[in-house]
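These notes concern the structure reproduced below.
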Amino acid sequence: MMLKRDRNISFEQIIVAIEQDNLLDILEHPNKEKYPNQLLLLVEIDRYVYVVTCVLENDVCFFKNSFSK
Numbered sequence: 072m073m074l075k076r077d078r079n080i081s082f083e084q085i086i087v088a089i090e091q092d093n094l095l096d097i098l099e100h101p102n103k104e105k106y107p108n109q110l111l112l113l114v115e116i117d118r119y120v121y122v123v124t125c126v127l128e129n130d131v132c133f134f135k136n137s138f139s140k
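Positions 72 to 140 (the numbering used here) are the ones given, in order, by the sequence shown.
Here is the structure:
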């Protein structure tokens, strides 16, 4: 709810965008010491690119946060 309220985007919208082939890139987090196993997903939604931080554990992706760039 906070993500939707604060950034006008929801994890549900991110999932739909990824399913619709709007995943632009997957990057390793630049600070591996502080954020081990964390990846950055670049997802296009409504002509904006969102950076979605996520953690991979046992082939499961857990979304952590999202912000537009």
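Ideal Cβ placement from N, Cα and C applies to all residues, glycine included.
- With respect to the C-alpha of Arg118, the residue from Leu94, Phe82 and Glu83 having the closest C-alpha is Leu94.
- Per DSSP, Gln84 is not a residue of any beta strand (DSSP E); the alpha helix (DSSP H) it occupies stretches across Phe82 to Glu90.
- Take Ser139, set aside five residues on each side of it, and the residues of its chain with a beta-carbon closer than 8 Å to its own are Arg78, Ile80, Tyr119, Val120, Tyr121 and Val122, in chain order.
- Around the CB of Leu98, fewer than 16 other CB atoms lie within 10 Å, so the residue is classed as exposed.
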